[in-house]
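First residue of the sequence shown: 1, per the numbering used here; consecutive thereafter.
For reference, the structure is listed below as structure tokens.
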Amino acid sequence: MTSTIPLSEDECWKISNNYPPFTTAPIKESNIAWISEFMKGRLYFALLRKPQKPPCTSTDHFFTTDDDFLYVPYNKDFGPLCLASLIRYCCLIKDKLYYQRLNRKRIVHCTSLTDPYTRANASYLIAGFAVLCLGQKPSDAIAPLLQRGTLKTHLPDIPPFRDASSSAGLKTITLLDCLNALHFALRHGFVNPNDFDVEEYERLQELNLNWISPRGLIAFAGPLERGYGYKPETYVDYFKKNNVQAIVRLNRPAYDRTVFTNAGIRLIDWCFPDGTPPPFTIVRDFLNLCNLLECGKLTSTNPGVIAVHCRAGLGRTGTLIATRLMGEYGMRARDAVAWIRICRPGSVMSLQQEWLENNEEFFITNFRKLRNLQRTLKSRVTNIGKPLFGIYSIHEKYAPKNGPLEGEFPPTGGLIDKENIIAKKKHKINKGKLNYYDFNTKYPIQRTRFAAKFPHMKSDNGEQIKRSYLTGKGLQGKQPIRRRRHS
């Protein structure tokens, strides 16, 4: 399948050749222990002996994100960073590559050589940019990070990402697993970096809710009638607006089911012990439910969405959703775990990941054969393929509600009213501004790093909306992005 990427080959050529650096001499800095090239003459990744960032020069622009994109651990986990942080990083790099004062400089992303966890997340960011925005394959994106470069001594391996349990992790996912997951999601339309609403991601993160697949699966924490947490009434309006037709509850009841059933949403109880993999009977019934909802056979409406939760919405929820990704799309177990953790940090524990890996072949072969057989028997299935919009899509909000749900990504034009989503330059921003690009037109979509007021953005009562840009709240805590001055 083809995929839409923010930087085409022509754009990469223009950035590398139309704006060459003043010099082609090697980057010489005493603090740099190792350096590799991602875009010829423009984008580099460097490991520093000391944590201090080198000063910018007339030919080189050094920057670091170690203090900007932070992962807040649950226990001993340290990554990977969430999808919103990765999209922010992609926009930051795009901004630097097109920034007028930097268009003749080499952009060098620096991180610490001595801190393995910081290095792992920084490597994930720049390699993820290569996959999402440069269209590289995972093996090509990770290759510059594995080369010895200018480092004469032994280069430590990039540590793998472990689970969020307090015990010693038995299973891990590597950086390559994360890149494979991003590449898979890009090819199958799970995410479109051209069309990703970071603000929507962060707003739903406050509700402890995350999309895993477009118009398919939602993972969220179990609502509570009493105590700390959100009540079930909090989710009803959002679920009805987004066509959630069934909720799967994997823990003991902590709220009245009639809150959802009275709203026309089915609630199914499939409880099993915390921290353990699901029984095969539950997996079978869950995959059958997903197929029925996808084909619109459960109700008389269009294909619907399934929302899954357990107590925290991490272990049991992520494991059951991973079986769907494997049985429906043929995703490898490690890639499925990596994608779910990128969408919802902290998901899937080591014991559950080991169970997924041991049964990987069974899910991919047997359940996919069953699904293909069911599809041939359902006459209403006429247009099942690549989703039209990825998760957290901006354009989806302005698309016709009765329009096609799936197919190829449409050209930005008649379907979308750009004037509603592209802020004008006359809008005043209180604090530092971040340019999000509509990559089809190269016009910036203005966003803010902290708080800003937009005249064209009104709430239901007519008041101006104050937006706060964070890399994640709820699961990942408050993580502001600080503006760095260009040299």
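Positions of the beta carbon are idealized from the N, C-alpha and C atoms, including for glycine.
Remember, predicted model here, so these are calculated numbers, not experimental data.
### Task
Per DSSP, which residues does Asn-210 bridge with? Please list them.
Ala-219
### Message
Please give the ranges of any alpha helix (DSSP H) in the region 21–106, keeping only runs that are unbroken, at least 4 residues long and fully inside the region.
### Response
83–98
### Query
Looking at the structure shown, is Thr-234 part of a helix, part of a strand, or coil, going by DSSP?
helix
#### Entry: Span separating the alpha-carbon of Tyr-235 from that of Ile-306
13 Å
### Message
With a threshold of 8 Å, are at least 3 pairs of Cβ atoms found where one atom belongs to the region 75–92 and the other to the region 124–131?
### Response
yes
### Query
Between Val-308 and Leu-325, what straight-line distance do the alpha-carbon atoms span, to the nearest angstrom?
14 Å
#### Entry: Assumed close pair Asn-302, Asn-243 - CB separation to whole angstroms, cut-off 8 Å
7 Å
#### Entry: Spatial neighbours of Tyr-392 in its chain, beta-carbon cut-off 7 Å, leaving aside the 5 residues before and after
Phe-196, Asp-197, Glu-200, Tyr-201, Trp-211
### Message
Using only the alpha-carbon positions, how far apart do Ile-27 and Thr-118 sit?
### Response
23 Å
### Query
Between the region 61–73 and the region 184–191, do at least 3 Cβ pairs fall closer than 8 Å?
no
### Query
Ala-263 and Leu-224: beta carbons closer than 7 Å?
no
### Query
Leu-207: which of Glu-233, Phe-63, Gly-189 sits nearest, CA to CA?
Glu-233
### Query
Which partner residues of Arg-249 appear in the DSSP bridge assignment?
Asp-269, His-309
### Query
Considering only C-alpha positions, which residue in the set Ser-112, Phe-78, Leu-175, Leu-97 is nearest to Ser-166?
Phe-78
### Query
Does the separation of the CB atoms of Gly-313 and Ala-399 fall below 7 Å?
no
### Query
DSSP puts Ile-173 in a beta bridge; with which residues?
Phe-161
### Query
Just how far apart, CA to CA, sit Thr-114 and Lys-386?
43 Å
### Query
What does a CB cutoff of less than 7 Å around Leu-293 pick up in its chain, not counting 5 residues either side in sequence?
Gln-245, Ala-246, Pro-303, Gly-304, Ile-306
#### Entry: Ser-350 to Asn-103 span [Cα, whole Å]
45 Å
### Query
So Arg-344 packs on Phe-272, CB below 8 Å; how close in whole Å?
Actually they do not touch by this definition, with Cβ atoms about 19 Å apart.
### Query
Do the region 154–161 and the region 48–63 meet, that is, are 3 or more Cβ pairs less than 8 Å apart?
no
### Query
Contact check, Leu-132 vs Pro-193 under 8 Å by CB: the rounded distance?
5 Å
### Classification of Arg-101 by the beta-carbon crowding that lies within 10 angstroms, buried from 16 upward
exposed
### Task
Work out the CA separation of Glu-37 and Leu-48 for me, nearest whole Å.
15 Å
### Task
Pick out whichever of Arg-266, Arg-249, Lys-231 has its Cα sitting closest to the Cα of Lys-240.
Arg-266
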